[in-house]
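*Asks:* Sharing a structure, written as C-alpha cells. Questions coming.
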Amino acid sequence: NFDLAKNLSSPAESLPYVETAARERPTFAEAIAFRAIDYLAVGRITDAQQSAALALKIDPQNPTMHVTLGRAVLAQGKVDDAITEGKAALAILGNLASAKLLLADAYTKKGEIDLAVENYQEAWGFDHLDPTSLVNASVACHAAGRDTSARAFGLRATQEFPNWGPGWVALGDARVAEKDILGAREAFTNALKSQGPVDQAAVQKKLAALH
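Counting in this note's numbering, the sequence shown runs from -5 upward without gaps.
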C-alpha cells in the first residue's frame, strides 16, 4: 500500500493507500509522515496536524514533519506556533528551503515584512526550482505597499519561470500599483496563458479594470 501510494501522481489518489499502510502498521513513521503531507495537500488541516505530530513522536528529527505541522497550524492562524515549527526544522536541517518559506509566510501574516523578505530570499537561495518564494515575496511586498520590491520579485519569478501563471499575476498587481498600465496588461495576459493555479475570472476582471 505504501509503495503504491508513493507511485501515484496526486495526493487525492495516494491518500487512501497511505492511510491503509499507516493504519495497519501504527508505528510506520514514513507512512504516517507521507499521510500528513497528503492531508495537507488536500486541505484536511486538522488531520494533517494530528498526523504530523504523531510522526514527530515516532521520529522527532524529521524536519519535513516540523514544516508540515507548521503549515497546518499556520492555516489555522497560529502564527507563532508555525514560526516555532519552522525554527525547529532549521535546527535539524539548516538549509531547508521549505522551512524558510514557512517562516517567511508566517512573518508575512504577522506583518513583519522585513523578516519575511529576508526569509523569502533565503528560501529562494536554497531552492531555485520552486517559484513559490519569489511569488509569495512579491505578493507580500505588494500588500505592504512596497511595490518596487514587489515588481522586482515578480520580474524575477517571470524570468525564471516564464510559464508560471501566479508569477505573472503578482507582477501585474505590482505594475498596477506603479501605474504601469501597459506592463500590467502584458502580465495579466501572460497569466491567462500560463500554467499553475490562476483564478482566470479574477485576472479577467483585473484586465477589464485597466484604463
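All C-beta atoms in this analysis are idealised placements derived from N, C-alpha and C, irrespective of residue type, glycine included.
These numbers come from a predicted model, not from an experiment.
1) Three-state secondary structure (DSSP) at residue 189?
2) May I have the straight-line CA-CA distance separating residue 165 from residue 18, to the nearest angstrom?
3) Compute the distance between the beta-carbons of residue 204 and residue 181, then report whether it is under 8 Å.
4) Apart from the five residues on each side of it in sequence, which residues of its chain come closer than 6 Å, Cβ to Cβ, to residue 123?
5) Does the beta-carbon distance from residue 41 to residue 68 come in below 8 Å?
6) Tell me the rounded alpha-carbon separation between residue 81 and residue 95.
7) What is the residue span of the alpha helix (DSSP H) that residue 154 lies within?
8) I believe residue 193 touches residue 168 by the beta-carbon criterion, under 8 Å. Please report the beta-carbon distance rounded to the nearest angstrom.
9) Is the distance from the Cβ of residue 160 to the Cβ of residue 191 below 8 Å?
10) Using a Cβ-Cβ cut-off of 7 Å (strictly less than) and excluding sequence neighbours within five positions of residue 87, which residues of its own chain qualify?
11) Bridge partners for residue 158 per DSSP, in chain order?
*Replies:* If we stick to the structure as given:
1) Residue 189 falls in the strand class under three-state DSSP.
2) If you take the alpha carbons of residue 165 and residue 18, they lie about 48 Å apart.
3) The beta carbons of residue 204 and residue 181 sit no closer together than 8 Å.
4) The beta carbon of residue 123 is closer than 6 Å to none in its chain, skipping five residues each way along the sequence.
5) No, Cβ-Cβ distance for residue 41 and residue 68 is not below 8 Å.
6) Their Cα atoms are separated by approximately 11 Å.
7) Here the alpha helix (DSSP H) through residue 154 covers 141 to 154.
8) Between the beta-carbon of residue 193 and that of residue 168 there is about 17 Å, and that puts the pair past the 8 Å contact cut.
9) Going by C-beta atoms, residue 160 is nearer than 8 Å to residue 191.
10) Excluding sequence positions up to five before and after residue 87, its CB lies within less than 7 Å of the CB of 57, all in the same chain and listed in chain order.
11) 189.
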